[in-house]
């Protein structure tokens, strides 16, 4: 119910809330609230908080600080209404009278809260950016996954240096020699991971034979015999650089 109330309020008064968020002078803020007393409420304060975080995420730091000031104005008015136990629409003038008469203690409390709020906004924005970055990286990782569900980038990074060099140089003979020299169990393990990630594509020659024109225009591919025993079986593999 509270969320629905907030949504309805924002849909109706979003333009006015944004206008208030951009005001700089005390007198302008007081006059605008006098003309639009319905804005003196928690919904406005909540919207301004979100607006600050959005601006910080967009790296509009100066604008964020401006709106942050107005956010604290609204929050101080709401706090004053609670302490006086009156409707906030009936006490916002008292806030401006207090803040404009240079009550140093009150002014210091306002400034301290403003600085603390801006730090909280920066923290929230950083978390949101990090979350979005992680989601993007995961989406990109999912796009890279090979037929066996492995990420070719991650598989490449776990390969022995001698195998990595073969992929870097796209050198088939070097890779064949490297596999032959490896322990059979280790070689089988790495080969399976290469296939599951798409670094190696088994039996690709037969599939691609009928599309030679396309093959010539695409990234070069390299045919290779998997291991010594695979030579006898005639199993053809194609190596792709998955970096």
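In UniProt numbering, the protein residues as written are 1 to 243.
Every residue gets a Cβ at the ideal spot worked out from N, C-alpha and C, and that includes glycine.
Predicted model, so just to flag it, every value in this text is computed and none were measured.
query                                                                                                                : result
Member of 161, 107, 188 whose CA lies at the smallest distance from the CA of residue 26                             : 107
Through-space distance from residue 40 to residue 33, alpha-carbon basis                                             : 7 Å
Straight-line gap, residue 254 to residue 126 (C-alpha atoms, nearest Å)                                             : Lying before the first or after the last residue shown, residue 254 is absent from the chain, which here runs from 1 to 243.
The region 142-159 contacting the region 80-88, beta-carbon criterion three pairs below 8 Å                          : no
Extent of the continuous alpha helix (DSSP H) run through residue 134                                                : 104-144
Other residues of its chain near residue 96: CB distance less than 6 Å, five sequence neighbours each side excluded  : 26, 30
C-alpha distance - residue 179 paired with residue 149, whole-angstrom precision                                     : 23 Å
Closest Cα partner of residue 113 within the set 69, 182, 9                                                          : 69
Terminal residues of the alpha helix (DSSP H) in which residue 80 lies                                               : 61-84
Assigned secondary structure, residue 185 (DSSP; H/G/I helix, E/B strand, else coil)                                 : helix
Spatial neighbours of residue 9 in its chain, beta-carbon cut-off 6 Å, leaving aside the 5 residues before and after : 43
Three-state secondary structure assigned by DSSP to residue 90                                                       : helix
Buried/exposed call for residue 90, threshold 16 Cβ in 10 Å                                                          : exposed
Inter-residue Cα distance where the pair is residue 21 and residue 115                                               : 17 Å
Three-way DSSP call (helix, strand, coil) for residue 36 in this model                                               : coil
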